[in-house]
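K.L.:
Got a structure here, written out as structure tokens. Questions coming.
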Amino acid sequence: MCGIIGYIGGENAVPILIEGLKRLEYRGYDSAGIAVINDAQLAIRKAVGKLKNLEDVVWNDPPTGTIGIGHTRWATHGRVTELNAHPHETAGFVLVHNGIIENYLALKEKLSSEGHEFCTETDTEVIVHLIAKHFTGDLTAAVHQALQEVVGAYAIAVLSTDDPNTVVGARSGCPLVVGLGQGAYFLASDVPAVLNHTREVIFLDDGEVATLTREGVRISSLDGHVVGKDIRHVTWDPIMAEKGGYKHFMLKEIFEQPRAVLDTFRGRVLPETGNAVLDLGKAVHSLAQVERVLLVACGTSWHAALIGKYMIEEMARVPVEVDYGSEFRYRQPVLDHRTLFVGLSQSGETADTIAAAREAKRLGATAVAISNVMDSTLARESDGVFYTHAGPEIGVAASKTFTTQLVALYLMSLAFGRQRGTLSEVQGKKLTQDLLQMPRLMEGVLEQEEAVAELARQFANKRDFLFLGRGLSFPIALEGALKLKELSYIHAEGYAGGEMKHGPIALIDQEMPVVILAPRSRVYDKIVSNLEEIKARDGIVIAVGTEGDEELKRHAQSVLYLPDVPELLLPLVLVLPLQLLAYHIAVRRGCDVDQPRNLAKSVTVE
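Throughout the sequence shown, residue numbering follows the working numbering, covering 1 to 606 in sequence.
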């Protein structure tokens with residue numbers, strides 16, 4: 001999610017660190033900082049906001065040193081403040097970190113009882129204290145020991161004034177790359193940060209530690225054994241490197257969804273008790289008296305809210321209403337202290353959703369936000385916040401922020417159901433185990449990209465599309481149509497399958513592609529009836545169904561298959577081929593998929 005750069009060599013590290021961070025700006029960030037060591041003296045500079053602010057701080061009081069680390073932070077734990085910005089330091093040890101430490105509270109309590117003093121709100125700070133605790137003269141050995149105690153995802157870079165000629169990096173679940181230059185060595189969270197200096201790199205794997213000195217690089221496992229690694233020659237140009245080798249940010253972000261989903265539920269699922277952890281601040285105290293839930297959003301987030309309605313009503317047995325933010329603010333809604341208002345916004349700056357949250361609070365409701373951006377306006381003005389951990393989304397059309405919102409709603413529904421007693425422990429355990437399998441299953445669906453690209457080749461010149469679904473597939477039909485409209489500028493409509501005979505059936509002819517979402521579910525037979533009606537009118541049918549369903553091949557010209565997943569989690573796999581279809585059709589039509597015409601990432605005006 002964030003950016004890491006590390007350097008050791010013969011030049012002043014400061015310009016190299018700043019340049020490397022600039023190369024990582026595309027990843028998104030809210031604060032930045034660097035640390036350098038010179039003659040065993042540590043200098044740290046940090047600033048909130050854009051890198052220009054950090055540059056002003058640095059050049060007003062320029063540090064020097066030939067060894068250093070830098071970081072751009074995307075806040076997950078703790079507000080966006082200079083104090084919470086990386087690097088973090090204690091007793092001459094300084095560290096930057098990407099990822100999430102799941103057991104940081106337990107580690108923090110233990111370290112505090114041993115006399116360690118903490119000054120930030122972050123999970124990261126526990127790692128630097130652990131390293132300082134285990135240090136006996138060898139920085140790499142201290143990192144090995146410290147990371148044995150850590151549970152979670154991380155990529156780190158560490159310096160110490162007690163071992164001032166060493167940079168140590170390590171990864172587990174977050175990328176980290178080593179750059180091999182001429183008399184210089186680099187650490188980075190992504191290749192673009194080092195391309196100006198070298199194209200010879202080593203990609204670290206999970207559980208590996210890199211030790212950089214002026215003499216060279218040594219890679220070891222967490223138990224201290226030396227690991228042999230291949231050196232790769234990178235041929236990407238800088239722009240392609242920013243996209244991780246993908247042609248567009250949109251495609252990169254579609255493929256990041258299994259990781260983003262994992263990061264969203266990481267540390268929040270309790271499989272042993274069948275429950276979920278919700279850090280909703282003071283809103284937690286109001287949940288017991290909730291008699292009604294109101295989900296309010298716009299665009300893709302509204303489609304997530306429609307799915308959330310199914311989840312909450314089934315798991316928690318509480319009535320749920322879904323509303324557009326733009327409509328909510330211009331009617332006279334009936335709310336009181338027994339209503340839970342949930343506002344969904346990937347940016348947290350959607351004007352209509354913010355206005356709706358303010359109105360809901362004025363009427364006495366408890367307001368909770370689901371957002372991907374720390375300290376956004378919606379987050380600040382709500383009583384509690386569920387932060388998705390999708391990471392920065394560069395493409396204007398939402399992809400991974402949608403699927404992580406679905407995970408947030410699933411976890412809220414689970415916790416709500418367990419609290420209200422509508423879910424037993426056995427049911428909760430089954431629901432948590434189901435969720436844990438989803439990243440792997442999503443990866444399998446994305447492996448069908450070539451088959452989807454072939455469909456795009458066949459249908460890229462069509463003028464109109466119809467998407468049909470029933471039950472939980474209906475909101476995904478809406479989302480599939482929206483993605484096609486946003487990316488390719490093709491007219492597309494999404495409908496509930498039961499509504500087809502109430503008007504849309506008049507559109508069916510031999511020129512109309514109809515995407516039928518027909519996974520195995522409680523409404524499977526109903527959607528197959530729609531499929532037969534379309535076939536009888538010579539419509540072109542593209543079906544998306546469950547593996548092993550040979551029946552679909554009798555009715556549809558093309559079939560894409562999904563793994564058999566529990567019904568409440570179907571949307572997580574069902575949306576993936578529709579995102580890929582919209583993307584590949586748009587590319588074939590020559591559209592700008594990362595910045596579609598007339599669209600903005602954050603709709604901050606009415």
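We put the beta carbon where it would ideally sit given N, CA and C, even for glycine.
Tell me whether the segment 25-34 and the segment 45-53 touch, counting them as touching only if at least three CB pairs, one residue from each stretch, are closer than 8 Å.
P.N.:
Segments in contact, yes.
K.L.:
Please classify arginine 520: does DSSP put it in a helix, a strand, or coil?
P.N.:
Note: arginine 520 maps to coil in three-state DSSP.
K.L.:
Relative to the C-alpha of serine 399, which candidate in Asp206, His303, Ala356, Ala91 has its C-alpha closest?
P.N.:
Of the candidates Asp206, His303, Ala356, Ala91, the one whose C-alpha sits nearest the C-alpha of serine 399 is His303.
K.L.:
Do the segment 440-454 and the segment 285-295 meet, that is, are 3 or more Cβ pairs less than 8 Å apart?
P.N.:
Counting Cβ pairs under 8 Å, fewer than three are found: no touch.
K.L.:
By Cβ distance below 8 Å, which residues in the same chain neighbour lysine 501 in space, the five residues on each side in sequence not counted?
P.N.:
Hits under 8 Å: Glu533.
K.L.:
Does any residue of chain B have a CB that is nearer than 8 Å to the CB of aspartate 323?
P.N.:
In summary, chain B is missing from the structure at hand, where a single protein chain is found.
K.L.:
Report the three-state DSSP secondary structure of histidine 129 (helix, strand or coil).
P.N.:
Helix.
K.L.:
Would valine 593 and leucine 487 be called neighbours here (beta carbons separated by less than 8 Å)?
P.N.:
Yes, the pair counts as a contact, with Cβ atoms nearer than the cut-off.
K.L.:
By how many angstroms is the C-alpha of histidine 233 removed from the C-alpha of arginine 199?
P.N.:
Rounded to whole angstroms, arginine 199 to histidine 233 spans 6 Å at the Cα level.
K.L.:
Within the continuous alpha helix (DSSP H) that includes leucine 111, where are the two ends?
P.N.:
Counting along the chain, the alpha helix (DSSP H) containing leucine 111 begins and ends at 104-113.
K.L.:
How do the segment 202-209 and the segment 239-246 stand: do at least 3 beta-carbon pairs fall below 8 Å, yes or no?
P.N.:
Not touching, per the Cβ criterion.
K.L.:
Excluding sequence positions up to five away, which residues of its chain have a Cβ less than 6 Å from the Cβ of alanine 360?
P.N.:
Cβ neighbours of alanine 360 beyond the five flanking positions: Leu335, Phe341, Ala367.
K.L.:
In angstroms, rounded to a whole number, what distance separates the CA positions of glycine 6 and asparagine 98?
P.N.:
If you take the alpha carbons of glycine 6 and asparagine 98, they lie about 13 Å apart.
K.L.:
What does the alpha-carbon distance come out to for the pair serine 221 and valine 57?
P.N.:
So the two alpha carbons sit approximately 37 Å from each other.
K.L.:
Given that a residue counts as buried once 16 or more other Cβ atoms are within 10 Å of its Cβ, and exposed if not, what is valine 605?
P.N.:
Caution applies to valine 605, whose pLDDT of 47 falls short of 50 and renders its modelled position unreliable; the model cannot decide the point.
K.L.:
Name the DSSP bridge partner or partners of arginine 292?
P.N.:
For arginine 292, which the question treats as bridged, DSSP gives the partners Thr339.
K.L.:
Would you call the CB atoms of arginine 520 and aspartate 564 closer than 8 Å?
P.N.:
For arginine 520 and aspartate 564, yes; Cβs fall inside 8 Å.
K.L.:
Can you list the beta strand (DSSP E) stretches of 3 or more residues lying completely in the segment 543-597, in chain order?
P.N.:
558-562, all fully within the segment 543-597.
K.L.:
To which residues of the same chain is valine 277 closer than 6 Å at the C-beta, ignoring the five residues directly before and after it?
P.N.:
Arg268, listed in sequence order.
K.L.:
Under 8 Å by Cβ, that's how I've got aspartate 30 and methionine 374 pegged, so tell me the actual separation to the nearest angstrom.
P.N.:
Yes, they are in contact, since the Cβ atoms of aspartate 30 and methionine 374 sit about 7 Å apart, within 8 Å.
K.L.:
Which word fits serine 424, buried or exposed, when buried means at least 16 other C-beta atoms lie within 10 angstroms of its C-beta?
P.N.:
Serine 424 comes out exposed.
K.L.:
Who does phenylalanine 93 pair with in a DSSP beta bridge?
P.N.:
Thr90, Ser160, per the DSSP bridge assignment.
K.L.:
Hey, could you find the ends of the beta strand (DSSP E) lysine 46 is sitting in?
P.N.:
It spans 41-48 - the beta strand (DSSP E) in which lysine 46 sits, taken as one unbroken run.
K.L.:
Taking Cβ to Cβ, would you say isoleucine 611 is nearer than 8 Å to aspartate 123?
P.N.:
No information on residue 611 is available, as it lies outside the stretch 1 to 606 that the chain covers here.
K.L.:
Serine 189 by DSSP, collapsed to three states: which one?
P.N.:
Note: serine 189 maps to coil in three-state DSSP.
K.L.:
Quick check on valine 396: does DSSP put it in helix, strand or coil?
P.N.:
Correct three-state label for valine 396: coil.
K.L.:
Compare the Cα-Cα distances from threonine 300 to each of Asp279, Gln405, Thr213, Glu256 and report the closest residue.
P.N.:
Taking only the C-alpha atoms, the option nearest threonine 300 is Gln405.
K.L.:
So, at 7 Å on beta carbons, what are the nonlocal neighbours of arginine 338 in its own chain, with the 5 sequence-adjacent residues on each side left out?
P.N.:
Cβ neighbours of arginine 338 beyond the five flanking positions: Gln289, Val290, Glu291, Arg292.
K.L.:
At a cut of 8 Å, does the segment 513-532 reach the segment 562-582 through at least three beta carbon pairs?
P.N.:
With the cut-off at 8 Å, the segment 513-532 and the segment 562-582 touch.
K.L.:
Strictly by DSSP, which residues pair up with serine 31?
P.N.:
Answer is Val48, Arg73, bridged to serine 31.
K.L.:
Where DSSP assigns a beta bridge to threonine 213, which residues make up the other side?
P.N.:
Note: threonine 213 sits in a beta bridge opposite Gly216.
K.L.:
So, with DSSP's three-state summary, where would you put phenylalanine 467?
P.N.:
Reduced to three states, the DSSP call for phenylalanine 467 is strand.
K.L.:
Around the Cβ of tyrosine 583, are there at least 16 other Cβ atoms within 10 angstroms (buried) or fewer (exposed)?
P.N.:
The residue is buried, with at least 16 neighbouring Cβ atoms inside 10 Å.
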